[in-house]
Every structure is written in C-alpha cells, then in structure tokens.
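My numbering applies: residue 407 is where the sequence shown begins, and numbers increase by one.
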Amino acid sequence: MKSKNEYLNWFVLGAHLYPPEKKKLPWYKTKRTIFELTLATIICIVGIIVGAALGSRRTPPPPICLPHKTNLIVDYLWSFDCGDAREDLTGLYNGTAVNGAKADSRDYSGQGMALYLDRKQNQYIILPRSLNLTLNTSFTVTSWLLIAGYMPKTILSDCNSFNSICISFVITDTTLNIQISNWDNATIIQTAFVSFQNYACQACWIHVAFSFNHQTGSTIFYFNGIQIGEKYLNLTVATLSQPNKMKATYIGLDAVTNALPFYGLIDQLSVLYAVKNVSVILYEATVVCRYRFDNDDINVGWGPNNIRARSQHVYRLYSNNKSTLLFNDSDSYFQSTGFTLMNSNDYAYSLTFWLRLMYGEIDDFTVHARQLTDSEFSTLAQSNDTQNLIKEL
C-alpha cells in the first residue's frame, strides 16, 4: 500500500509528463486580426462616402473651345478651328449643330479647320440668341467661303429680338445679297445685291464682307477685299412685334423660311458692331502672314491668320526701340508654311521685307518660296554665311 508521499510524487511526475496546453484564441480575437478588420472597416466607410459624393456630382461641362489667337478686329468670331463646329471665340454664342453639321480640316489658310455644311442633309448651326444686327446699329460681317453647287446659299441669317425683321446674307453664283424680311409672314421688305461676276473663281476660297452704316443706310459689299458696290438700306421698318415667339439666328440657313441652305465650307465668320474701313478689310482678305519680331517669341504671327513660323539659329536684336531678326550663322533660317490660299486660288503673291546686309555681298542672303505639296507653300529666308538683319517679313 502506497503512502501519501508516494501518491504526491506520482502526481507531480504526471504533471511534468503532461503539461497543460495553452488555450488558443479564435482568429477574430487576435490583436493583429482586430487591427486589420478595423482598418478595412474604416477604408470601406471612407470609400462609400467618397463614392456617394462623386456619384452625386454632375459631370462638368466640356471646356469651351479656345481657337488659336486671332488678330482680327471682331466682336464675335466663329473660327471652327477646334473641331467643334459650334464655338464662338467669346463663348457667348456657342451654337448647336443640326443634322450632323461638323468641322472639316480643309480651312482656307492651312492652319485650322472650317465648317462644312451639306444642303442635301439640311445642315446648319443655330445660335442661342439674336445678334441684333437690325437694332439701329452699324455692323460688318465677314467670312471666308468655298461654295459648291449653283443654288443661292445663306451665310448668316439673324432675327432681331426686339422687332419682327430679319436680315440674311446670301451668296449666289454671281451676286452678294442682303435681304430684309418680315419675320412674322416671311414677306421680303428690302433687298440689296451687287454682282461679282467679273471677280469670281470656281472651286476656290473667297473672302466676302458686308458693311452697314446705320446713320446713312450705306451698305458696302466687298469681294476678296475689293469694294464691288454700295447700296442703301433702311432697317427702321415699322413691324408688329410678337415677343412670345422665339427669334432665331442661323449659320447656313434662312431663319425666316428655313430655305436656301448653304453648301460648302465656311471659315472665320465674324461680326463687328462697327463699320470696318476699306484698308482693314483689304488687309484681312489679302495678307497671308506677317512677322514683326516685336516680342521674345520671334515665330509668332502678326497677320490676320496668326500663322506661326519655324526658325533656327536666328535671334531677336533690339535697339533704338526697334526689333530686327539677326541671321549670324550659316545654318540660320526662318520659315513659314501652309499657304493653302495661294495654291487653291492660283493667286499672284508678293513678299516684302526690310533687309540690311551687315557684311558681304547681296548673294549672301536668300529668300525662297516654293511649293511643298499640292496644297502647301513654304517661304524660307536663309543666311548663307554672313550676318544679316530682317526688319519685317
């Protein structure tokens, strides 16, 4: 029989042979797992809040198209250079394209885009409000056009918001027309037109301008910068206004009759609430490019088309408040390209510039104009060896 001490020793020995197991905590009660779950919960809550906030926000409107800087004197300009056929330079008269009207890459200067309208598809642009061209104000409307077909075509048609008369600018094969109509019954109140038959060219870009002086009623028509006629209009016609009816302004369609759709290309359509003089219109219609070298960016264009140039190893020299372009290396050159207008119209053209040869003979300097492709010309001024200065090109 075992004594009490023997039993105690056996119990101690058994305890050493079979030590108690450590109690294992469930996975979700470990410190690391609790931290990870807390972090995941916080991330989910933040994601839900951010998602709800973003989902409730409206999609921001597309940015207003900003075409390249213009050097034209205008109040409103539709250049169509952004691939969006509706935009106005100011952003105030961004229109709506109807029946698939769109921009086309064949603009008149080779630098941007133009509006293409197909009369078979009845395409046009509707503007959000009236330009108020008949509200006792002077104005000048100008545009570059490449027309197709032989039907009369509406360039711009504007119905006044304050009376019931509309004014439409129409071109035919041989005439430029301004037509004043009663908006309520489509009655033609006045019309004025001049012929440009002696100046016309087929399938080429043309520049047209309509200038109205409200003090005298004088309306002058220009074709490619040349004044081709003067007529007189009275835009103070008494009509009954119907303010509950919506007034409309269209590019490429008569706003009164919804007839005479345009067929072809429209580019650089502009409106100025003043009378442009002959020299300004001639400059806009005939000068392709101009470079004055009057700021640090010597390649910037100062002409109506704002055509940028390319250059190498040329520098701006400034003295006596005058800027010149310095050619002082055998690799110096200044180049401008993209004169689509010259080729498409088979125009005669001229190059003018001030030139000072600092050293050497005259044959040390070259000005070269050549055709690069069927629609592109290049003008290159290059120094062969010595230092030369160009004041303006």
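For every residue, glycine included, the Cβ atom is placed at its ideal position computed from N, Cα and C. None of the values given here were measured: they were computed from a predicted structure.
Check: Any contact of the stretch 530-544 with the stretch 491-502, i.e. 3+ C-beta pairs under 8 Å?
Finding: Contact between the stretch 530-544 and the stretch 491-502 is present, because at least three Cβ pairs lie under 8 Å.
Next item on the list: Mind the definition here: the stretch 513-530 touches the stretch 658-670 only if three or more C-beta pairs lie below 8 Å; say whether that holds.
Entry: By the criterion of at least three beta-carbon pairs nearer than 8 Å, the stretch 513-530 is in contact with the stretch 658-670.
Next item on the list: Say whether chain C places a C-beta atom closer than 8 Å to the C-beta of Asn591.
Entry: No chain C appears in the structure shown, which is made up of a single protein chain.
Check: Count the other CB atoms within 10 Å of the CB of Tyr556; is the residue buried (16 or more) or exposed (fewer)?
Finding: The residue is exposed, with fewer than 16 neighbouring Cβ atoms inside 10 Å.
Notebook entry, point to check: Assuming Asn640 contacts Gly658 under a Cβ cut-off of 8 Å, what Cβ separation, rounded to an integer in Å, is found between them?
Noted result: Contact check for Asn640 and Gly658: beta-carbon distance about 27 Å, past the 8 Å limit, so the pair fails to qualify.
Note to self: Using 8 Å as the threshold, is the C-beta distance between Ser549 and Gly518 below it?
What the structure shows: No.
Checklist line | N-terminal and C-terminal residue of the alpha helix (DSSP H) that Val684 is part of | finding: For Val684, the enclosing alpha helix (DSSP H) stretches over residues 684-692.
Margin query: Rounded to the nearest angstrom, what separates Glu812 and Ser617 at their Cα positions?
Written below: The chain is shown only over 407 to 799; residue 812 falls outside these bounds and no answer can be derived.
Item checked: Top-ranked residue by Cα proximity to His613, from Asp510, Phe602, Tyr638 -> Checked all of Asp510, Phe602, Tyr638; the closest Cα to His613 is Phe602.
Note to self: If I measure Cβ to Cβ from Ile595 and keep anything under 7 Å in the same chain, skipping five residues before and after, which residues do I get?
What the structure shows: Excluding positions up to five away in sequence, the list reads Ile571, Ile586, Ser587, Asn588, Val643.
Notebook entry, point to check: Any idea if Lys728 is buried or exposed, counting beta-carbon neighbours within 10 angstroms, 16 or more meaning buried?
Noted result: Counting every other CB atom within 10 Å of its CB across the protein chains shown gives Lys728 a total below 16, marking it as exposed.
Notebook entry, point to check: Grouping DSSP H, G and I as helix and E and B as strand, with all else coil, what is Arg525?
Noted result: DSSP places Arg525 in helix when its eight states are reduced to three.
Next item on the list: Starting from the Cα of Phe599, find the closest Cα among Pro558, Asn591, Trp611 and give me that residue.
Entry: Checking every option, the nearest Cα to that of Phe599 belongs to Pro558.
Next item on the list: Over the uninterrupted beta strand (DSSP E) stretch that includes Lys559, give me the two end residues.
Entry: Following the DSSP letters along the chain, one finds Lys559 inside the beta strand (DSSP E) bounded by residues 559-565.
Margin query: Tell me the rounded alpha-carbon separation between Asn711 and Asn705.
Written below: So the two alpha carbons sit approximately 13 Å from each other.
Next item on the list: Using alpha carbons as the reference points, say which of Asn734, Asn477, Ala592, Asn664 lies closest to Ile561.
Entry: Of the listed residues, the one whose Cα sits closest to Ile561 is Asn664.
Checklist line | Boundaries of the beta strand (DSSP E) in which Thr476 is found, first to last residue | finding: First-last for Thr476: undefined, no H or E at that position.
Checklist line | Residue closest to Tyr530, alpha-carbon to alpha-carbon, out of Ala691, Ile573, Thr502, Ile687 | finding: Answer by Cα proximity: Thr502.
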